[in-house]
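Residue numbers (the working numbering), protein chains in the order written: chain A, 1 to 274; chain B, 1 to 312; chain C, 1 to 446. Beta carbons are placed, not taken as given, at the ideal position from N, Cα and C, and that holds for glycine. Below you'll find the structure, written out as structure tokens, and then a few comments.
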């Protein structure tokens, strides 16, 4: 009995230690962002006086307000389109008997291994020649393609798990495939779509290399890409750099806290389901 | 990525779920369903598949990205394998695999061994925390750690705090420690994911199995080896795939922490692709490195797939 | 079954790509759209049209100075608006090629030889000879500034050929010193020879200070190495190498001796402990905090040093081997080139011409840069005064050398990582020089 209890408590102690390890970097950057601009910050240190001045500087002078806006525009372009296209494809691949459907599905899944490095060089030159370089469109189009393998996989998995009797009944009633999707399957798919939406949003928000190359105009970059450039200018002004970092982390972090169930379910099941 | 590892479970899908009314002899009508797939396919092929092949094509040229290119055949690949700078970059990426993949998996397994014997309350709280590194942009992670590793950073502060003043240094500027330091950032980012994967996997294990080995008088270690570990094989494969791919395509973190320095101790293939193609005007060479990197990823994913395939 | 289908699909896709990409990369444009710039024969106008024009200016140095220059220029030409586009150095070098060849290239871009040399043969940079003639820039700008900015048609040989950019202010690297700490250690300033400087480093070390701060995480280490080359390698040899003259070589005995001196200093602990983990900004911060006696950096750090240290700081060029050796320093202009894709070449050229005005010289000096025209430099005291007088010495001796990374586009990365390796004792000096030479040779072979 005693042994059980020590085991139980030691478990919590270890969990807490690991949790501290996870949290310390976030805390240190947060505390640093509250110190006076330009001051020397040593490690994890409690600010003497709290001030939001660094945030103001990062937001206006360093232009993070614009960068965050760009990020949202791109996410707003990517998420709905990805959801729509993958729902259509997942529906067909998951519920219809298509000749060669498995091969097509495999063709999608194979795309899960494509690293951005493999496609970004020709994309740069090709998008340039059609005048899309330095536009939001460049990033939006490529990200939709990049996230398509997972999204199709995810939606197909969802639709395959739907009881066939549901569709069968509707079909007997004379419903077309489009009506079946809209009226019967979509309402049921809401949790899956929700999860997919937050995952795609996250991937789009965090994308770096692609933006770094496809958008050269510093004013049109996304928040993470802008942050990457921002490092060089403010290497010694740790407080302002930290404030910029917090600004970039904050939206995705809030989204995560609000939808943590979807996120965690997505990350775990996205990995395991199938 | 992980979906690949699970593919084995469903590769030979009979997909006879929906009885077809007009099917069987329906000719063209059977293909009508592809209209639904087409939009996704068009995007995917245009902006992912074709560029991938285009990269392979570019890798056969000597091209500065501006003036006319010259055909050089496989010469770029020869350069990738003969030039130590490029070879080393691949080596660095492979070393990062140990930090991004093996250590987190070991930590994850250790935690499962320690924690799985009891149901615990408050796990939601820990789970939310442990996933945090997974959702924030890697650039932000890199910047945070870049500072933590600095002269005045948390790492040195900690060392001084425990009296190890002699060990303090600018970690990312040190030839011996820069790469491991970058690797540990990956360990930090990936451990939570591995742990949570395994913990959720172990919950699916039939508790009677545990009771059986316990009745046999097995200790915690044997219980772990005989029941937990085999049950988690699928999860381990998934974790390995995800983390390995993350390690090999680790551009973001390296770019903001070290840019490949000191010397070229932390260069990775992604960084070389970026530099060679865009600032040094060696597009063909960059394309060749990208192709080599992708082949490496494919091979490893395939190997993991293969190794975990031997089903009971 | 599924597998063969997959393969078939892949083959089909491959075939489609082959068709798509059947032409040789680069064949469609190679910069031919705006090749009116390739020979400087046609005449141009110095008149700026009345219609509204907006120019984008991509740059890396001196954001405040650029803002002021733009404001002053716009006052003179109200119909022209210039939008500044700042990028930090390392990223600027990495991205400016991309930026200038894209459809949305900036109209004006700060010139960087290493990164932009490919843009000359490809026709992406406007040949400025016609404007130089129309405006009479040979008279309004001093030759020390303009010469560095000429290049031949291949973009590989500098110091001759057509004008590619126009200087807004000059830069110069050298040694900053902390007067108080130097006095304490009994160091006499300025040292007359390199030997004396070495003794000064020793004295600083004995007094318990870090002798010399360098920021080798970025280009600070390379500046130190270049300064040693200036002191120990004949100027003609260095220039032959860096400007791309046929037969130029860095693999010489003198360069080797300079490189060995560099590693020797690193071994002896003359540099800050974590030089490889310190960037130039941080090395300046260390120096300003009194954590080192000397600092290797450029004029861009002078404003900060003057602000925070006042009279306690000074500046001198790294001395030569012998007393009264001619003054040689590394420096380049903050200079601007015009994109051949610009729709408003007259307005852009008018901006470049504006840089020669006394008003611009005042702004440049205020921004911490050295006006190309030495006589136009406003009076200054302390470290800024030192900087002006050292620069005047260099100009007089015709001793201004461009930075070593100008020798080839790939030099910059090899240089910064090679210097870091030298500091850490991971690379032999000869191997370092051979690598740089190899990169330069390869660049010129192409």
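Mark residue i as exposed unless 16 or more other C-beta atoms lie within 10 angstroms of its C-beta, in which case mark it buried.
i	result
residue 275/B	buried
residue 16/B	Residue placement at residue 16/B cannot be trusted, given a pLDDT of 42 that sits under 50; what the coordinates show is reported in the next sentence. Classification of residue 16/B: exposed, given that the 10 Å Cβ count is below 16.
residue 131/C	buried
residue 407/C	buried
residue 442/C	exposed
residue 194/B	buried
residue 204/B	exposed
residue 83/B	exposed
residue 169/C	buried
residue 63/C	exposed
residue 335/C	buried
residue 276/A	Residue 276/A cannot be examined here, being either before or after the span of chain A that is shown, 1 to 274.
residue 54/A	buried
residue 295/B	exposed
residue 262/A	buried
residue 190/A	exposed
residue 55/B	buried
residue 10/A	exposed
Using alpha carbons as the reference points, say which of the options lies closest to residue i.
i	options	result
residue 319/C	356/C, 333/C and 229/C	229/C
residue 225/A	210/A, 79/A, 239/A and 238/A	210/A
residue 37/A	45/A, 126/A, 258/A and 243/A	243/A
residue 314/B	39/B, 200/B, 300/B and 225/B	Since the first residue shown for chain B is 1 and the last is 312, residue 314/B is missing from the structure and cannot be characterised.
residue 110/A	254/A, 61/A and 146/A	146/A
residue 43/B	259/A, 149/A, 257/A and 67/A	149/A
residue 241/C	285/C, 263/C, 159/C and 195/C	159/C
residue 200/C	216/C, 217/C and 179/C	179/C
residue 184/A	101/A, 144/A, 29/A and 163/A	163/A
residue 135/B	177/A, 227/A and 250/A	250/A
residue 296/C	416/C, 183/C, 171/C and 213/C	213/C
residue 202/A	29/A, 248/A and 252/A	252/A
residue 425/C	218/B, 175/B and 306/B	175/B
residue 300/C	387/C, 48/C, 409/C and 105/C	387/C
residue 281/B	66/B, 50/B, 60/B and 54/B	66/B
residue 304/C	232/C, 208/C, 367/C and 182/C	367/C
residue 87/B	231/B, 272/B and 306/B	272/B
residue 92/A	142/B, 69/B and 33/B	33/B
For my contact list, residue i and residue j are in at a C-beta cut-off of 8 Å; report their separation, rounded to the angstrom.
i	j	result
residue 181/B	residue 149/B	6 Å
residue 193/C	residue 321/C	6 Å
residue 317/C	residue 174/C	5 Å
residue 256/B	residue 146/B	6 Å
residue 65/C	residue 369/C	7 Å
residue 22/A	residue 130/B	6 Å
residue 133/A	residue 214/A	6 Å
residue 199/A	residue 90/A	So it is not a contact: roughly 14 Å between Cβ atoms.
residue 151/A	residue 245/A	Residue 151/A to residue 245/A, Cβ: 29 Å. No contact.
Using C-beta distances below 7 Å, list every residue in its chain close to residue i, excluding the 5 sequence neighbours before and after it, in chain order.
i	result
residue 403/C	226, 330 and 332
residue 160/B	168
In the DSSP output, what is residue i paired with across the bridge?
i	result
residue 83/C	56/C
residue 110/C	336/C
residue 298/C	173/C
residue 314/C	177/C
residue 158/C	151/C
Residues in the same chain with beta-carbon distance under 6 Å from residue i, minus the five sequence neighbours each way, listed in chain order, please.
i	result
residue 97/B	244 and 247
residue 80/C	53 and 347
residue 527/C	Coverage of chain C is limited to positions 1 through 446, which leaves residue 527/C absent and any answer about it impossible.
residue 436/C	250
Excluding the 5 residues preceding and the 5 following residue i in the sequence, name in chain order all residues of the same chain whose CB lies nearer than 8 Å to its CB.
i	result
residue 74/C	80, 81 and 82
residue 107/B	187, 191, 194 and 195
residue 416/C	216, 218, 219, 221 and 222
residue 203/C	185, 186 and 187
Does the Cβ of residue i lie closer than 7 Å to at least one heavy atom of the ligand MN?
i	result
residue 142/C	Judged by which ligands are present, the structure shown has none, so any question about the ligand MN falls away.
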